[in-house]
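The next block holds one structure in the form of structure tokens; read it before the comments.
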Amino acid sequence: SLQMYGCRVIQKAIEVVDLDQQKKMVVEIDGHVMRCVRDQNGNHVIQKCIECIPEDAIQFIISTFYDQVVTLSTHPYGCRVIQRVLEHCHDPKTQQIVMDEIMQSVCMLAQDQYGNYVVQHVLEHGKPDERSAII
Numbered sequence: 001s002l003q004m005y006g007c008r009v010i011q012k013a014i015e016v017v018d019l020d021q022q023k024k025m026v027v028e029i030d031g032h033v034m035r036c037v038r039d040q041n042g043n044h045v046i047q048k049c050i051e052c053i054p055e056d057a058i059q060f061i062i063s064t065f066y067d068q069v070v071t072l073s074t075h076p077y078g079c080r081v082i083q084r085v086l087e088h089c090h091d092p093k094t095q096q097i098v099m100d101e102i103m104q105s106v107c108m109l110a111q112d113q114y115g116n117y118v119v120q121h122v123l124e125h126g127k128p129d130e131r132s133a134i135i
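So this is what it looks like as structure tokens:
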């Protein structure tokens, strides 16, 4: 996942294999989630997992981000991963946790070189109450 060409192969595999194979692949990431998120290649694999694999099968990935949302939002690769979480994770508990963390630091994030993308994403795709809370 951390190698340029290897990560592309893994991303393609995640797209095309069945759920059982996806689950077997994603287990290999367990314990290495944050390292992958912060890596220029690995972050793409995490994003692809969030985009293509059912939420219940990647909950261990998502829960790794709890209490780390602001830190990740201000990271050049982490901000992309948080945006994918906002797009693809529909579990109410996950949404609440992620949005609460964003809202607690929304002013700082809006002024951060990477965090501003997360705030913009909420403004574009968030629920009406989330958008109005930011404004």
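Note that the UniProt record's numbering gives residue 35 to position 35 of the sequence shown, counting from 1, and the numbers run on in steps of one.
Where is the CB? At the ideal position from N, CA and C, for every residue including glycine.
As the structure is a prediction and not an experimental result, all values here were calculated from the model.
For GLU130, the first and last residue of its enclosing alpha helix (DSSP H): Residues 128-134.
For GLU55 versus ARG84, is the C-beta spacing smaller than 9 Å? In this structure, ARG84 does not lie closer than 9 Å to GLU55 by Cβ.
Do VAL119 and ILE102 come within 9 Å of each other at the CB atom, strictly closer than that value? Against a cut-off of 9 Å, the Cβ pair of VAL119 and ILE102 comes out as a contact.
Thinking C-alpha only, which one of GLU87, ASP100, ASP91 and ILE46 is nearest GLY78? It is ILE46 whose Cα lies nearest to the Cα of GLY78.
Look up GLY31 in the DSSP assignment and say whether it is helix, strand or coil. Residue state, collapsed to three classes: coil.
Beta-carbon gap between VAL33 and PHE60 smaller than 9 Å: In contact: VAL33 and PHE60 (Cβ atoms closer than 9 Å).
Pick out whichever of ASP91, SER132, LYS24 and GLN68 has its Cα sitting closest to the Cα of ARG35. Comparing alpha-carbon positions, the option among ASP91, SER132, LYS24 and GLN68 lying closest to ARG35 turns out to be GLN68.
Taking only three categories from DSSP, how would you classify THR71? Three-state DSSP puts THR71 in a helix.
Rounded Cβ spacing between ILE53 and ILE82 (contact assumed at less than 8 Å): The Cβ separation is near 17 Å, so there is no contact.
Beta-carbon spacing of GLU87, HIS121 below 9 Å: The beta carbons of GLU87 and HIS121 sit closer together than 9 Å.
Helix, strand or coil at PRO54 according to DSSP, with G and I counted as helix: The answer is coil: DSSP assigns PRO54 none of H, G, I, E or B.
Compute the Euclidean distance between the alpha carbons of GLY42 and CYS7, then round it to the nearest angstrom. For GLY42 and CYS7, the distance between alpha carbons rounds to 7 Å.
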